[in-house]
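Taking it in order: structure first as structure tokens, then the write-up.
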Amino acid sequence: MAGFLSAHGYDPGPSQRPFLAGAISGVLGTVPAIVALLAFGSLKVEAHILGLSPIETLGAGWVTMAIAGAAYSRFFGRAANEVRGGWLFGMSFGFGLWAAGAVLVLPVLSGGRAPAGAAAVGVALSLIVWGLATGLLLPFVHRPLHESIESASKDAKVGPGAAAANRGPIRQQRRGMRG
Amino acid sequence: MIRVVALRKAAAAGLAGAVATEAFSFAASRAHLGAVDLVGQLSSVALGLPRAVSLVAAAVAHVGVGVCWAVFYAFFFWGRLRLRPTLQGLIFAAIPAALTMLVVYPELALMQHPSGMVKIDVATFFAPLTVAALVSIALAHAIFGLVVGALYRRPVGYAVTHRPKPPRPRRAEATRVRRDQSPAGFLFATGIECSYPTIENGRWRRDEMESTRHYDFWQRDLERAREIGVTHIRYGPPLHLIFESPGRYCWDYIDPQMEELRDAGPEPIIDLCHFGVPSWLGNLQNPDLAASLAEYAGAFAERFPWVRFYTPVNEMYVCARMSALDGLWNEQLRDEGAYARAAWNLANASIAMSDAILKRRDDAILINSESSEFYQPCCPDDEIQRIASESNERRFLPLDLIFAHPLDERMHDLLLAQGIPQEEIAGLGRRKVPRRSILGIDYYEWNERLIDREGHAVALGELFGWYVIANQYWERYHRPMMHTETNKMDAAGAPRWLWRQWHNVQLLAKAGVPLVGFTWYSLIDQIDWSIAMSQAVGLVYPVGLCDLNREPRTVGLAYKQLIDLYRDQPDYRECKGLKEIIG
């Protein structure tokens with residue numbers, strides 16, 4: 004999948020701000036995720052396993068999901084801007100976080116304690132809902148954050164010097180070759 | 003966008019796959035084989051809901067997961083393996099099967115636990131995975147994969163009997179005013195990829211404007227073109243949708259875009275026939291092509307009298323070769339004679355269309371775009387030399403016909419062998435070529451080819467370059483020229499290719515060739531050009547100034563910088579070559 008994304012320009016696009024857009028979307032996506040956690044009584048269980056208060060758990064969760072949103076946006080690159088597919092990419096990422104984080108890492112870090120029953124359903128649902136919301140929101144959050152074509156096109160990297168295979172004057176290149 | 007996905011088709015496949023999977027799981031569990039009933043397991047999670055509600059919720063969740071996996075398949079897996087679609091689906095199913103075995107099914111057991119928290123270790127976590135459970139999960143997913151694979155195919159294009167929705171109406175407030183420019187200014191152009199050949203022996207229509215969703219986003223696309231600063235845009239109205247039958251046109255497919263182009267630019271170079279014809283005209287072997295397409299060109303020029311630039315038939319050589327020699331599009335033949343007939347019909351269509359346009363607007367400028375090709379023999383072997391020589395002559399046939407250039411003897415004989423009368427061939431040779439005709443030369447990194455020891459053509463990359471190849475066409479036809487297409491698939495290397503092409507253009511202009519324009523083709527990414535649109539796969543071909551989300555690529559920024567640097571330079575503000583043509 005990463006190779007496939009790479010073939011289409013793994014860079015998120017020259018005028019884009021993926022980390023910022025991803026972090027904002029991740030924070031916004033946490034709101035429905037919290038609703039799911041509260042609805043299934045998962046927040047208390049998570050807080051108990053982590054040894055934190057529910058408020059501290061929420062705070063830590065918000066920071067974590069902002070970072071996760073930035074990671075999602077950077078990893079999926081241009082694909083994260085796709086309105087028709089963003090929801091699914093986000094959900095896949097959320098599922099991945101659940102499988103890797105809640106199912107595998109959390110029990111290991113907490114000495115084998117894991118949410119069960121309705122709380123376990125809430126944890127799974129919250130991360131999938133988070134992914135869905137983040138994936139859905141990101142294309143819309145990202146649009147107003149772009150650098151304008153006008154200013155981005157002034158970058159020397161895309162200017163006439165791009166015609167040369169090696170950058171810099173020949174004299175410097177020769178010096179470099181001599182070591 | 004990374005792949006063109008037919009969402010509804012994928013959702014339907016996922017739904018069917020989920021139903022088939024559950025039918026198997028349910029039957030197997032009822033047969034007391036120790037199999038896992040997925041919906042039954044889902045409905046048993048400890049939520050304290052009434053049984054019926056739990057079952058419905060579980061069924062909905064199961065179908066939802068199936069749909070998600072099918073869409074995932076459509077985005078990331080479909081078309082990647084050169085296997086039958088059912089086998090692709092079967093192989094793909096290993097991914098959800100593995101995740102179900104390793105994560106979902108053991109976790110479901112925890113979800114069924116009555117308490118809110120449990121203490122687990124590896125052994126207790128994987129305890130529910132009996133051999134029977136593993137086998138039934140594997141079989142259920144295999145069924146899912148087979149169903150999804152069988153149902154999800156051909157995500158792009160449509161049956162020739164179908165008509166896609168016309169473009170969205172124009173929103174006048176979304177249009178920005180265009181920059182003033184001289185009517186004789188150098189053409190800094192791009193284009194909207196608009197090919198519409200048929201495949202599968204005329205049953206399936208490829209339509210690049212539909213696949214790239216230009217019919218939905220056309221206004222945003224034109225706005226992007228203006229932002230980048232292009233002065234002209236090669237634009238191909240969908241002939242197969244507009245020209246319904248003799249004397250009948252459906253202008254809904256083009257009216258909104260033309261209104262916008264007229265009011266705000268960029269100035270269009272109208273591409274009237276791009277690799278396909280309406281189904282009622284059959285294919286390129288139809289001798290009535292010229293008369294019919296002339297009628298269409300005349301009707302178009304009458305409806306849009308403000309249009310100055312036309313490409314009557316795009317890349318006649320490529321169209322004839324792909325359709326009649328390589329067997330990929332339209333008539334799908336592999337025959338030298340059929341190639342000659344297609345080239346003859348297309349050249350005659352181009353001439354008749356030009357005449358029809360000039361009858362309505364005598365100052366129209368005709369840009370006859372053609373792919374520049376060159377074949378280099380690999381060695382002094384007589385047979386290899388002959389193949390290279392014939393290939394080099396074959397490429398010139400359509401242009402020789404429209405520019406009244408003496409034909410190569412072999413090509414001449416080939417036309418005669420197709421039953422084309424000597425007088426008609428000679429008639430084209432005596433024709434007076436319209437004064438405002440420009441030769442458009444397209445160039446890509448595969449246009450220079452080596453005839454290898456086996457007699458096969460292999461791409462050479464940029465060996466001699468556009469300057470040398472275009473100069474061959476200049477020496478043959480002595481017509482004002484334009485670089486009408488180029489791009490590069492490697493998104494990171496595209497700015498380099500752009501500037502190098504531009505330097506080729508400058509060098510040829512300095513050598514005295516009247517050059518009127520340059521084109522990066524296309525504005526947005528294309529679909530399936532990596533396989534010459536020969537199958538409906540939906541692979542994005544990332545060569546656009548913008549991607550399919552309409553986000554700029556690096557080359558889009560590079561082209562803007564290029565245009566900003568040169569547009570107001572004296573030689574480009576008023577282009578000598580174009581000024582002479584306009585007269």
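Chains A and Z, in that order, are what the protein sequence lines are. Residue 4 is where the first sequence starts when you use my numbering, and the numbers rise one by one after that. Residue 3 is where the second sequence starts when you use my numbering, and the numbers rise one by one after that. In this text, a Cβ means the ideal position worked out from N, Cα and C, and glycines have one as well.
(request) Please classify D573 (chain Z): is it buried, with 16 or more other beta-carbons within 10 angstroms of its beta-carbon, or exposed? (result) The residue labelled residue 573 (chain Z) in the question sits at position 571 within the second sequence. Classification for D573 (chain Z): exposed.
(message) If contacts are defined as beta-carbon pairs under 8 angstroms, then D406 (chain Z) and A358 (chain Z) qualify, I think. What distance do you get, rounded to the angstrom?
(response) Position 404 of the second sequence, counted from the first residue, corresponds to residue 406 (chain Z). Position 356 of the second sequence, counted from the first residue, corresponds to residue 358 (chain Z). The question names Asp, but residue 406 (chain Z) is Ala in the sequence shown. A406 (chain Z) to A358 (chain Z), Cβ: 18 angstroms. No contact.
(request) Would you identify the three-state DSSP class for N473 (chain Z), choosing helix, strand or coil? (result) What you label residue 473 (chain Z) is simply residue 471 of the second sequence in a count that begins at 1. Three-state result, N473 (chain Z): helix.
(request) For V48 (chain A), decide whether its Cβ has a neighbour in chain Z, counting only Cβ atoms nearer than 8 angstroms. (result) By 1-based counting over the first sequence, the position of residue 48 (chain A) is 45. Yes, its Cβ sits closer than 8 angstroms to a Cβ of chain Z.
(message) Which runs of the alpha helix (DSSP H) at least 4 residues long sit entirely within the segment 170-246 of chain Z? Give them in chain order.
(response) 210-213, 216-230, 241-244
(message) Assess contact between the segment 396-405 of chain Z and the segment 472-485 of chain Z, defined as three or more Cβ pairs (one per stretch) separated by less than 8 angstroms. Is contact present?
(response) Enough Cβ pairs lie closer than 8 angstroms, so yes.
(message) Mapping the DSSP letters down to three states, classify R451 (chain Z) as helix, strand or coil.
(response) Against the second sequence, residue 451 (chain Z) aligns to sequence position 449. Of the three classes helix, strand and coil, the one that applies to R451 (chain Z) here is strand, per DSSP.
(request) Please list the residues of the segment 122-154 of chain Z that have a C-beta atom closer than 7 angstroms to any C-beta atom in chain A, keeping them in chain order. (result) Listed by position along the chain: I122, D123.
(message) I'd like to check one pair, L550 (chain Z) with V542 (chain Z): are the Cβ atoms closer than 8 angstroms?
(response) Along the second sequence, one-based indexing puts residue 542 (chain Z) at 540. Along the second sequence, one-based indexing puts residue 550 (chain Z) at 548. Contact flag set, yes.
(message) Less than 8 angstroms between the beta carbons of V144 (chain A) and A71 (chain A), yes or no?
(response) Here the question's residue 144 (chain A) lines up with position 141 in the first sequence. Here the question's residue 71 (chain A) lines up with position 68 in the first sequence. Going by C-beta atoms, V144 (chain A) is not nearer than 8 angstroms to A71 (chain A).
(request) Please confirm if R20 (chain A) has its CB atom under 8 angstroms from at least one CB of chain Z. (result) On the first sequence, position 17 is the one that residue 20 (chain A) refers to. No, no contact with chain Z.
(request) Compute the minimum distance between the beta carbon of V34 (chain A) and the heavy atoms of the ligand COA, and state whether it is under 7 angstroms. (result) As presented, the structure is devoid of all ligands, the ligand COA included, so that no description of it is given.
(request) Pull up the distance between the alpha-carbon of S45 (chain Z) and that of A60 (chain Z), whole angstroms please. (result) One-based indexing of the second sequence puts residue 45 (chain Z) at position 43. One-based indexing of the second sequence puts residue 60 (chain Z) at position 58. Between S45 (chain Z) and A60 (chain Z), the C-alpha separation is close to 5 angstroms.
(message) With a threshold of 7 angstroms on Cβ separation, who are the neighbours of V150 (chain Z) within its own chain once the five nearest residues in sequence on each side are excluded?
(response) Residue mapping note: residue 150 (chain Z) aligns to position 148 of the second sequence, counting from 1. Once the five neighbours on either side are set aside, the close Cβ partners of V150 (chain Z) are A15, G16, G19, A72, Y75, G91.
(request) Identify whether N394 (chain Z) lies in helix, strand or coil by the three-state DSSP scheme. (result) Within the second sequence, numbered from 1, the residue matching residue 394 (chain Z) stands at position 392. Note: N394 (chain Z) maps to helix in three-state DSSP.
(message) Buried or exposed, going by whether 16 or more other CB atoms sit within 10 Å of the CB of R371 (chain Z)?
(response) Here the question's residue 371 (chain Z) lines up with position 369 in the second sequence. A quick correction: the sequence has Ser, not Arg, at residue 371 (chain Z). Result: buried.
(request) Grab me the residues of R156 (chain Z)'s own chain with a C-beta within less than 6 angstroms of its C-beta, minus the 5 sequence neighbours each way, in chain order. (result) The sequence position of residue 156 (chain Z) within the second sequence is 154, counting from 1. Cβ within range, chain order: A538.
(request) Check whether the Cβ atoms of I367 (chain Z) and R438 (chain Z) sit closer than 8 angstroms, and answer yes or no. (result) Looking up residue 367 (chain Z) in the second sequence gives position 365. Looking up residue 438 (chain Z) in the second sequence gives position 436. Contact: yes.
(request) Could you tell me whether the Cβ of R87 (chain A) comes closer than 8 angstroms to any Cβ of chain Z? (result) Here residue 87 (chain A) is taken as the residue at index 84 of the first sequence, counted from 1. Closer than 8 angstroms to some Cβ of chain Z, the Cβ of R87 (chain A) qualifies, so yes.
(message) So L263 (chain Z) and A299 (chain Z) are supposed to be a Cβ contact under 8 angstroms. How far apart are they, rounded?
(response) Taking the second sequence and counting its residues from 1, the one referred to as residue 263 (chain Z) is at position 261. Taking the second sequence and counting its residues from 1, the one referred to as residue 299 (chain Z) is at position 297. That pair is no contact at about 18 angstroms.
(message) What would DSSP say about W522 (chain Z), mapped onto helix, strand or coil?
(response) For the purposes of this step, residue 522 (chain Z) is identified with residue 520 of the second sequence, where counting begins at 1. W522 (chain Z): strand per DSSP, three-state reduction.
(request) Would you identify the three-state DSSP class for D444 (chain Z), choosing helix, strand or coil? (result) Residue 444 (chain Z) sits at position 442 when you count from the first residue of the second sequence. Strand, per DSSP.
(request) Could you tell me which chain Z residues have their CB closer than 8 angstroms to the CB of V34 (chain A), listed as they occur along the chain? (result) Locating residue 34 (chain A) in the first sequence gives position 31, counting from the first residue. The contacting residues do not exist; V34 (chain A) stays about 21 angstroms from chain Z at best.
(message) Using a Cβ-Cβ distance cut-off of 8 angstroms, determine whether G540 (chain Z) contacts chain A.
(response) Position 538 of the second sequence holds residue 540 (chain Z). Answer no: the Cβ-Cβ gap between G540 (chain Z) and chain A never drops below 8 angstroms.
(request) Could you name the residues of the same chain whose beta carbon sits closer than 7 angstroms to that of I634 (chain Z), not counting the 5 residues immediately before and after it, in chain order? (result) Given that chain Z is displayed from residue 3 to residue 585, the structure contains no residue 634 (chain Z) and the question cannot be resolved.
(request) Give the residues of chain Z in contact with P57 (chain A), contact being defined as C-beta atoms less than 9 angstroms apart. (result) Start at 1 with the first residue of the first sequence, and residue 57 (chain A) comes out as number 54. Correct list: empty, because the minimum Cβ distance to chain Z is about 14 angstroms.
(request) Quick one: which residues of the segment 228-253 of chain Z get their C-beta closer than 9 angstroms to a C-beta of chain A? List them in chain order. (result) E229, I230, G231
(message) Please report the straight-line C-alpha distance between F79 (chain Z) and R222 (chain Z), rounded to a whole angstrom.
(response) Start at 1 with the first residue of the second sequence, and residue 79 (chain Z) comes out as number 77. Start at 1 with the first residue of the second sequence, and residue 222 (chain Z) comes out as number 220. Taking the straight line joining both Cα atoms gives about 30 angstroms.
(message) Output needed for M535 (chain Z): all residues of its chain with C-beta closer than 6 angstroms, excluding positions within five of it in sequence on either side, in chain order.
(response) As a first step, residue 535 (chain Z) must be located in the second sequence, where it is residue number 533. Only R208 meet the Cβ criterion.
(request) Step through the CB atoms of chain A and report whether any lies within less than 8 angstroms of the CB of P554 (chain Z). (result) For the purposes of this step, residue 554 (chain Z) is identified with residue 552 of the second sequence, where counting begins at 1. Closer than 8 angstroms to some Cβ of chain A, the Cβ of P554 (chain Z) qualifies, so yes.
(message) Along the chain, where does the alpha helix (DSSP H) containing M1 (chain A) start, and where does it finish?
(response) Because chain A is modelled from 4 through 182, residue 1 (chain A) falls outside the range shown and cannot be assessed.
(request) Determine the chain A residues that contact H115 (chain Z) at a beta-carbon separation under 8 angstroms, and present them in chain order. (result) As a first step, residue 115 (chain Z) must be located in the second sequence, where it is residue number 113. Under the 8 angstroms cutoff, chain A gives A119, G120, A123.
(request) With 8 angstroms as the threshold, decide whether the Cβ of L91 (chain A) is near any Cβ in chain D. (result) Protein chains in the displayed structure are A and Z, and chain D is not among them.
(request) May I ask you to report which of helix, strand or coil DSSP gives E487 (chain Z)? (result) In the second sequence, residue 487 (chain Z) corresponds to position 485, counting from 1. In the three-state reduction of the DSSP assignment, E487 (chain Z) falls in the strand class, which pools E and B.
(request) Grab me the residues of A493 (chain Z)'s own chain with a C-beta within less than 6 angstroms of its C-beta, minus the 5 sequence neighbours each way, in chain order. (result) The residue you call residue 493 (chain Z) lines up with position 491 of the second sequence. Only residues of its own chain outside the window of five on either side were considered, and among them P544, R555 have a CB closer than 6 angstroms to the CB of A493 (chain Z), listed in chain order.
(message) Is the beta carbon of A266 (chain Z) closer than 8 angstroms to that of H234 (chain Z)?
(response) For the purposes of this step, residue 234 (chain Z) is taken as residue 232 along the second sequence, with counting starting at 1. For the purposes of this step, residue 266 (chain Z) is taken as residue 264 along the second sequence, with counting starting at 1. Cβ distance not < 8 angstroms, so H234 (chain Z) and A266 (chain Z) don't count as in contact.
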